[in-house]
Amino acid sequence: MAKEKVITAHDLTKRFGDFVAVSKITFDVEKGEIFGFLGANGAGKTTAMRMLCGLLMPTSGQATVAGFDVFKQTEQIKKNIGYMSQKFSLYEDLTVAENIRFYGGIYGLRDEAIKEKSAQLIKQLHLDGQEKTLVRALPLGWKQKLAFSIAIVHDPAIVFLDEPTGGVDPVTRREFWGLIYEASARGITIFVTTHYMDEAEYCNRVSIMVDGRIDALDTPANLMKDYSAASMDEVFLQLARKAIRSGD
Amino acid sequence: MQPVVVENIVQNYRTKKMVVEALKGISFTVDRGEIFGIIGPDGAGKTSLFRILTTLLLAESGKATVDGFDVVTDYKQIRNRIGYMPGRFSLYQDLSVEENLEFFATIFNTTIQQNYDLIKDIYQQIEPFKDRKAGALSGGMKQKLALCCALIHKPSVLFLDEPTTGVDAVSRKEFWEMLHRLKEQGITILVSTAYMDEASLCDRVALIQKGELLSVDTPKNIIGQFKKPLWAIRADEMYKLMNDIAADPAVESCYPFGQYHHVVFKTQEKRRQTLEEIAKGGEHAHVEIKPIEPNIEDCFMALMNN
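So the protein sequences, as listed, match chains A and B.
With the first sequence counted from 1, adding 4 to any position gets you this note's numbering.
With the second sequence counted from 1, adding 90 to any position gets you this note's numbering.
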């Protein structure tokens with residue numbers, strides 16, 4: 005039996021005037037899959053991600069996220085996804101517990117569920133005793149782990165991670181990936197962008213965007229074989245160097 | 091005379107409630123004409139160190155010189171002879187590419203023509219856009235313009251604070267190629283980064299974490315100091331494999347690295363058999379085990395855990 009598809013995209017396109025930011029991208033992502041979404045700066049990743057999150061109306065093509073249509077059902081999409089990025093994550097001037105309560109409320113969890121989730125989350129992240137600490141005072145690595153856990157506090161079908169680990173120390177970066185694996189094992193689909201090519205190798209499948217197109221999509225092992233490369237870094241360089249348009 | 095000498099520099103930041111120890115008494119020297127990397131995560135103290143050495147921040151205690159000049163008493167001489175590219179894009183967004191470059195040349199009493207040789211390679215890549223406002227450039231082009239502006243007065247020491255953060259793999263590679271060409275022209279370069287893989291592109295590196303230096307040496311020597319055997323292992327179920335290995339009492343650490351997990355045991359002896367047993371006990375399929383050489387990231391993590 006075919007696995008449940010959490011994202012389907014067919015010829016999804018976004019134009020800004022004459023500029024084709026995203027050009028006919030076609031791909032599926034399965035339930036529980038860790039899907040790496042790579043591309044150089046300016047390749048169209050952010051535009052594609054914004055369409056999939058229901059934040060930007062596509063120009064043409066078709067796509068569904070968590071079973072909802074990206075043209076007509078953007079509000080339902082927003083309720084069924086989680087999102088975190090390096091730049092935007094938590095409210096710095098709220099405490100750990102307040103951030104959990106705030107986002108739990110935003111995602112429509114009941115008070116009891118929020119309480120239960122808070123306790124579970126604090127324990128899982130070893131933040132016992134830190135409930136009343138302002139998020140501003142947490143080390144970056146803790147912040148990112150907390151932000152990820154909060155992004156999936158409502159058990160979304162899929163979570164979008166936009167460069168979640170930039171600047172984080174190597175041990176914390178790996179603990180962060182531990183949380184990703186765990187969420188994926190629970191059936192949450194992970195859609196992640198990263199500039200760390202070793203992280204691309206943790207993904208089940210990886211797509212690489214060049215000039216608005218998806219030029220490669222496969223498991224890291226198959227991509228390395230197809231491009232006769234020893235690492236994903238080499239695969240990426242081979243593809244990204246073909247780019248004609250530059251920058252972001 | 092060594093271009094950069096740092097002796098026991100301490101820097102603390104105070105708020106009403108707490109003291110953040112940004113630099114806990116660090117010392118190192120940089121040799122003439124080398125690329126010296128300060129490598130560590132966000133919050134390690136890299137930017138504080140750069141601001142102290144570029145005379146923009148007074149250290150709480152300790153001493154530092156750049157080209158023999160004291161960072162506190164001789165700050166004017168230092169400012170004349172160094173180039174500094176801060177982590178945040180700090181050029182004038184409403185001036186054009188060419189205007190920015192002319193502005194910085196004028197400030198340093200020179201002209202673009204006088205030192206054009208030094209920036210030629212880099213500037214030619216952005217010259218087609220020389221009338222564009224700096225604020226409207228792409229990330230990669232902004233970075234190239236900032237580097238040109240930091241070089242236009244032919245500095246003897248160049249300070250680059252996280253020049254490759256948020257830059258994609260292709261642009262990162264190109265940027266390092268530019269640095270190596272500058273090094274050939276005799277410029278000493280201090281560069282900070284959170285990307286561990288960039289260590290191998292430096293002549294020497296200082297690994298920094300929480301305001302302390304973990305190690306200062308050539309990348310090769312740092313790797314040579316990693317004494318325990320390192321193993322790489324993979325199987326179909328990588329997450330389960332990691333948990334199974336981490337649960338074994340003989341294991342010191344198990345970290346994912348691309349398609350493999352890197353495993354270190356508590357003792358020096360080789361432990362292929364232990365890994366085979368763990369894989370068998372967990373009923374793992376398609377198991378591959380091999381001894382490997384550590385990389386800088388392995389070393390950084392081992393030093394962090396000490």
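Even glycine gets a Cβ: it sits at the ideal position worked out from N, Cα and C.
Since this is a predicted model, take the numbers as computed values, not measurements.
I want to see whether chain B comes within less than 9 Å of residue 193 of chain A, judged by CB atoms only; does it? So no, residue 193 of chain A is outside the interface.
Using a Cβ cut-off of 9 Å, pull out every chain A residue sitting near residue 286 of chain B, in sequence order please. Ordered by position in chain A, the residues that pass the 9 Å Cβ test against residue 286 of chain B are 174.
Taking the alpha carbon of residue 13 of chain A as the reference point, which residue from A:22, A:37, A:68 has its own alpha carbon closest? Per the Cα distances, A:68.
Quick check: what's the CA-CA separation for residue 235 of chain A versus residue 228 of chain A? Answer to the nearest angstrom: the Cα atoms are 6 Å apart.
I believe residue 192 of chain B touches residue 202 of chain B by the beta-carbon criterion, under 8 Å. Please report the beta-carbon distance rounded to the nearest angstrom. Their Cβ separation, rounded to whole angstroms, is 6 Å, which keeps residue 192 of chain B and residue 202 of chain B in contact under 8 Å.
Mind checking whether residue 166 of chain A and residue 90 of chain A have CB atoms under 9 Å apart? Taking the C-beta atoms as reference points, residue 90 of chain A is found nearer than 9 Å to residue 166 of chain A.
Boundaries (first-last residue) of the alpha helix (DSSP H) holding residue 134 of chain B: Neither: residue 134 of chain B is in no alpha helix (DSSP H) and is coded neither H nor E.
Where the beta strand (DSSP E) through residue 20 of chain A begins and ends: 9-20 is the span of the beta strand (DSSP E), which, as asked, contains residue 20 of chain A.
Touching by the beta-carbon criterion (3+ pairs, under 8 Å), the stretch 179-194 of chain A and the stretch 155-172 of chain B: No contact exists between the stretch 179-194 of chain A and the stretch 155-172 of chain B.
Report the option in B:346, B:366, B:318 whose CA atom is closest to the CA atom of residue 359 of chain B. Relative to residue 359 of chain B, the option among B:346, B:366, B:318 whose CA is nearest is B:318.
The stretch 306-326 of chain B in contact with the stretch 364-381 of chain B per 3-pair CB rule at 8 Å: Counting Cβ pairs under 8 Å, three or more are found: they touch.
Neighbourhood of residue 262 of chain B by C-beta distance below 6 Å, restricted to the same chain and skipping five residues each side: Take residue 262 of chain B, set aside five residues on each side of it, and the residues of its chain with a beta-carbon closer than 6 Å to its own are 254, in chain order.
Output, in chain order, the set of chain B residues within a Cβ distance shorter than 7 Å of residue 206 of chain A. Within 7 Å of the CB of residue 206 of chain A, the CB atoms of chain B belong to 346, in sequence order along the chain.
Expressed to the nearest angstrom, what Euclidean distance is found between the alpha-carbon atoms of residue 142 of chain B and residue 99 of chain B? Going by the C-alpha atoms only, they are around 9 Å apart.
Comparing alpha-carbon positions, which option in A:140, A:106, A:100 lies nearest residue 127 of chain A? Comparing Cα positions, the closest option is A:100.
Starting from the beta carbon of residue 329 of chain B, find every residue of chain A whose beta carbon is closer than 7 Å, and list them in chain order. 185, 189, listed in chain order.
Do you know offhand how far residue 147 of chain B's Cα is from residue 138 of chain B's? Taking the straight line from one Cα to the other gives about 8 Å.
Where does residue 97 of chain B land, buried or exposed, given buried means 16+ other C-beta within 10 angstroms? Looking at its Cβ environment, which holds fewer than 16 other Cβ atoms inside 10 Å, residue 97 of chain B is exposed.
Residue 261 of chain B at chain A interface by Cβ criterion, 9 Å: Taking Cβ atoms only, chain A reaches closer than 9 Å to residue 261 of chain B, which makes this a yes.
Three-state secondary structure assigned by DSSP to residue 209 of chain A: Secondary structure at residue 209 of chain A: strand, using DSSP grouped into helix, strand and coil.
Relative to the C-alpha of residue 120 of chain B, which residue among B:224, B:257, B:281 is closest? It is B:281 whose Cα lies nearest to the Cα of residue 120 of chain B.
Any C-beta of chain B sitting closer than 9 Å to the C-beta of residue 7 of chain A? With a threshold of 9 Å between beta carbons, residue 7 of chain A makes no contact with chain B.
Quick one: what's got a C-beta closer than 8 Å to residue 147 of chain A's C-beta in the same chain, skipping five residues either side? Within the same chain, residue 147 of chain A has close Cβ partners 93, 94, 139.
Determine the DSSP secondary structure at residue 270 of chain B, reduced to helix, strand or coil. In the structure shown, residue 270 of chain B sits in a helix (DSSP, three-state: H, G or I).
What ranges does the alpha helix (DSSP H) occupy inside the stretch 63-114 of chain A, keeping only unbroken runs of at least 4 residues that lie completely in it? Entirely contained in the stretch 63-114 of chain A, the alpha helix (DSSP H) runs reaching 4 residues are, in chain order, 78-84, 100-110.
Determine the DSSP secondary structure at residue 236 of chain A, reduced to helix, strand or coil. Note: residue 236 of chain A maps to helix in three-state DSSP.
Looking at chain B, which residues of the stretch 227-238 of chain A have a Cβ within less than 8 Å of any of its Cβ atoms? Flagged, chain order: 235, 236, 237.
Any beta carbon from chain A within less than 9 Å of residue 396 of chain B's own beta carbon? The beta carbon of residue 396 of chain B does not come within 9 Å of any beta carbon belonging to chain A, so the residue lies off that interface.
Is the beta carbon of residue 101 of chain B less than 9 Å from the beta carbon of residue 149 of chain B? Taking a C-beta distance under 9 Å as the contact criterion, residue 101 of chain B and residue 149 of chain B qualify as a contact pair.
Candidates B:229, B:314, B:205, B:288: closest to residue 178 of chain B by CA position: Out of B:229, B:314, B:205, B:288, B:229 has the C-alpha closest to the C-alpha of residue 178 of chain B.
Same chain only: Cβ atoms within 6 Å of residue 272 of chain B, ignoring 5 sequence neighbours per side: No residues qualify anywhere along the chain.
With a cut-off of 9 Å, does the C-beta of residue 255 of chain B fall near any C-beta of chain A? It does: the Cβ of residue 255 of chain B has a partner Cβ on chain A nearer than 9 Å.
Could you list which residues in chain B have their beta carbon closer than 7 Å to that of residue 178 of chain A, in chain order? What residue 178 of chain A touches in chain B: 345, 346.
Residue from B:94, B:113, B:134 whose Cα sits closest to the Cα of residue 123 of chain B: The closest CA to that of residue 123 of chain B, considering only B:94, B:113, B:134, is found on B:94.
Using 10 angstroms around the beta-carbon of residue 390 of chain B, count the other beta-carbons present and answer buried if the total reaches 16, otherwise exposed. Buried, by the Cβ-count rule.
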